[in-house]
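Participant: Counting along the sequence shown from 1, when you hit position 69 you're at 69 in the UniProt record's numbering, and nothing is skipped either side.
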Amino acid sequence: MGLLGLQSIEYLSRDRTTCLTYVNIPSPNDYSFAIAVINVVSWLVNLLEINPSIENNSHPLLTHFSVHPCNLDEFFRLFSLVFNEWHQFWIDQKANIMQFEQLSKIFRAQMFIECQQWRPIQQGFSKQI
């Protein structure tokens with residue numbers, strides 16, 4: 001997951017304007033960009049894993065990857081969408097770094113609910129939190 005996290009940072013940094021939006025957050029609302037990237041990658045990797053305890057064999061990202069190609073470029077596009085949602089959610093909460101874990105649990109729960117809607121993850125899903 002570490003290499004995928006580094007590749008995701010590189011993917012975001014290709015667009016300098018967008019990247020600067022993420023890293024130039026004034027205190028006290030700032031967060032560690034690299035740690036946030038690694039967390040978002042971790043959330044997506046966890047959604048990609050098949051959970052044998054689920055009886056109906058449904059997969060959280062099945063709908064997304066049935067509509068979009070299942071490759072690394074699409075993973076990065078999905079990552080970018082989710083990271084942007086996380087960033088907006090963070091800013092809207094006027095959070096500080098001490099709230100990172102608490103807010104990430106809330107965000108991940110909403111992301112999982114979005115995956116259960118049987119449609120690809122859509123921009124704006126964090127507004128429903």
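Beta carbons: idealized from backbone N, C-alpha and C, even for Gly.
Nothing here was measured: the structure is a model prediction, and the numbers come from that model.
What's the C-alpha gap between I91 and I113?
Facilitator: 21 Å
Participant: In terms of residues, what are the limits of the alpha helix (DSSP H) holding I25?
Facilitator: DSSP places I25 outside any alpha helix (DSSP H), giving it a letter other than H or E.
Participant: Might you give, ordered along the chain, the residues of its own chain that have their beta carbon closer than 7 Å to the beta carbon of L81, omitting 5 neighbours on each side?
Facilitator: Counting only Cβ-Cβ distances below 7 Å, and skipping sequence neighbours, we find I121 and Q123.
Participant: Which value, in whole angstroms, describes the spacing of the CA atoms of Q117 and Q110?
Facilitator: 11 Å
Participant: Rounded to the nearest angstrom, what separates A95 and P28 at their Cα positions?
Facilitator: 7 Å
Participant: Here's a check: name, in chain order, each residue in its chain whose Cβ is nearer than 6 Å to the Cβ of F89, leaving out the five neighbours to either side.
Facilitator: F107 and S126
Participant: Is it buried or exposed for V40, if we count other Cβ within 10 angstroms and need 16 for buried?
Facilitator: Buried is the call here.
Participant: In whole angstroms, what separates the C-alpha of Q99 from that of C19?
Facilitator: A direct Cα-to-Cα measurement between Q99 and C19 gives close to 22 Å.
Participant: Going by alpha carbons, who is nearest to F76 out of G2, M1, Q7 and L3?
Facilitator: Q7
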